[in-house]
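Worksheet: the structure to be examined is printed underneath.
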Amino acid sequence: MTVRKLRLGIAGLGRAFSLMLPTLVQDERIEIVAGADPRSEARERFAQDFAGRAYESVEQMCADPAVEAVYVSTPHQYHRDNVLAAAKAGRHILCEKPMALSVEDSLAMIAAAREAGVALVVGHSHSFDAPVRRTRELIESGAFGPLHMMSALNYTDFIYRPRRPEELDTSKGGGVIFNQAPHQVDNLRFIGGGMVKSVRAATAVIDPARRTEGAYTAFLTFDSGVVATMIYSGYAHFDSDELVDWINEGGLPKNPDDYGAVRRTLKGASEADELAIKAQSNYGGARYGQGDSRLSTKPQTRWHQNFGLLVASCSHADLRPTSKGVMIYADDERRLEDVPVRAVPRMEVIDELYAAVVDGVPPVHDGVWGLATMEVCFAILQSAREGRDVTLRYQVPTPALSRSA
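My numbering numbers the first residue of the sequence shown as 182 and each following residue consecutively.
Next comes the structure, spelled out in structure tokens:
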């Protein structure tokens, strides 16, 4: 049977696109027909790889009649304008996290999609991962009693990966609050029922040479009474992949001895040197894809993607999503509930986008969900700045998964 193809245009041929590319290439439901990026080397590489049209601006690409949906993977500060351009052109939208840099921008994006009658999906985040979904299903089943608390922890080398200046500027969407916190917030909201009531947080800028938040600790209270802690550090010291069987975020085996390599690469580098390193390893650059198995578009043996350690505590069991399924630590048993790994990484993202566009199924990770997740991230910054609890107003519940499969 012939598969109905979703004709996709790519807005931004940078890092986010590179990480999503294995999914887009391997999923038979997707046809990449156009791309947009201001960098000529990226456009040239795109034209060679996909025999598709490459545009200098997102607006030009959105006007291409071959484009049915747009994947917005541009730098964060451009998400609002790119989504509005796609909606104005009547294109469905998959927008990378973070959805936007303010509540107002998020609301404008939601309104534009609704007015145009197009689907808006926000992702990838790790709440698409099948073990996270299965954890929520186990809680919904009631088999282990009600959920009481959750803990999430991740230590990485995020701050020392090569950056453009704006990626180290919080006002332009830089730092871990905008880049990494949405993963943890999405996971906790998805498992915990969605409705965060208040946030108390502290952030840290530990390296004065990289003046953006590189670490945070936050305490979330849900309307249901569930509480959650989330901790993140990106300073390339402890590596929490040690706690998850040395499986990296992309679901691939990791060599512990490679940790800290990015910090060593940047040692003594000027801003110009760092920009050159970034450009060389970006899509279209001379070193693109070298040494990073996550960017391979060929099928690989892998496990589920993950975002560090997460434990959800119910009355009669602790549940821990892992790269191989869900570990259940119950009253009378300790076992792994196997969750099959899909053939294509991040396939769940395409499931939601495809179902929304082709079948009219409302996505779980829609614009309203994306706004609610970003509201928690904004509250982390506000609470850290003001030293107080922040009450939230735009939260939405996790849909019952039995009705959203």
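Even glycine gets a Cβ: it sits at the ideal position worked out from N, Cα and C.
Remember, predicted model here, so these are calculated numbers, not experimental data.
Check, Outcome
"At least 3 beta-carbon pairs within less than 8 Å: the region 386-401 vs the region 319-330", "no"
"Test item: CB-CB of phenylalanine 371 and valine 313 under 8 Å", "yes"
"Status (buried if at least 16 other CB within 10 Å, exposed otherwise) for isoleucine 387", "exposed"
"Length of the line joining the Cα atoms of threonine 554 and alanine 223", "31 Å"
"Length of the line joining the Cα atoms of alanine 293 and alanine 511", "46 Å"
"Own chain residues within Cβ distance below 7 Å of arginine 345, not counting five before or after", "Leu456, Lys459"
"Residue closest to asparagine 335, alpha-carbon to alpha-carbon, out of Glu318, Gly304, Leu349, Asn368", "Asn368"
"Beta-carbon proximity of leucine 573 to valine 557, cut-off 8 Å", "yes"
"Inter-residue spacing [alpha-carbon to alpha-carbon] between lysine 479 and tyrosine 252", "21 Å"
"Strand pairing of phenylalanine 309, partner residues [DSSP]", "Its beta-bridge partners do not exist; DSSP assigns none."
"Backbone secondary structure at isoleucine 387 - three-state DSSP", "coil"
"Euclidean distance between Cα positions of alanine 217 and aspartate 310", "28 Å"
"Helix, strand or coil at tyrosine 259 [DSSP, three-state]", "helix"
"Alpha-carbon to alpha-carbon, arginine 483 and threonine 204", "13 Å"
"Runs of beta strand (DSSP E) wholly within the region 287-357 (minimum 3 residues, chain order)", "301-303, 328-336"
"Proximity to valine 522 [Cα-Cα], best of Leu552, Asp540, Asn487", "Asn487"
"Opposing strand residues paired with glycine 431 [DSSP bridges]", "Bridge partners of glycine 431: none, in fact."
"Of the residues Gly304, Ala565, Ser287, the one placed nearest arginine 381, counting alpha carbons only", "Ala565"
"Chain-order list of residues whose beta-carbon lies under 6 Å from that of valine 530 (same chain, five-residue window excluded)", "Gly304, His305, Phe309"
"Short Cβ contact (8 Å threshold) for phenylalanine 325 with cysteine 495", "yes"
"CA nearest to the CA of glutamate 518, picked from Asp532, Leu319, Gln258, Ala409", "Leu319"
"Rounded distance between the beta-carbons of valine 520 and glutamate 533, thought under 8 Å", "Contact doesn't hold; Cβ gap of about 18 Å is too wide."
"Proximity winner among Leu265, Val299, Gln471, Val264, relative to tyrosine 535 (alpha-carbon distances)", "Val299"
"Straight-line gap, leucine 200 to tyrosine 469 (C-alpha atoms, nearest Å)", "12 Å"
"Alanine 498 to alanine 409 span [Cα, whole Å]", "16 Å"
"Between the CA atoms of leucine 282 and arginine 196 - distance to the nearest angstrom", "19 Å"
"For glycine 441 and aspartate 338, believed in contact at Cβ under 8 Å, the rounded distance", "7 Å"
"Three-state secondary structure assigned by DSSP to histidine 497", "coil"
"Arginine 317, buried or exposed, once every other Cβ within 10 Å from all chains shown has been counted against 16", "buried"
"Minimum C-alpha distance to histidine 307 - residue among Gly431, Asp245, Ile291", "Gly431"
"Nearest-angstrom Cα separation, counted from valine 284 out to alanine 215", "30 Å"
"Integer-rounded CB distance, given that glutamine 258 should sit under 8 Å from glycine 354", "5 Å"
"Proline 219 and glutamate 240 closer than 8 Å at C-beta", "no"
"Neighbourhood of isoleucine 412 by C-beta distance below 6 Å, restricted to the same chain and skipping five residues each side", "Leu334, Thr398"
"Between the CA atoms of glycine 541 and serine 504 - distance to the nearest angstrom", "31 Å"
"Exposed unless 16 or more other CB atoms sit within 10 angstroms - verdict on histidine 418", "exposed"
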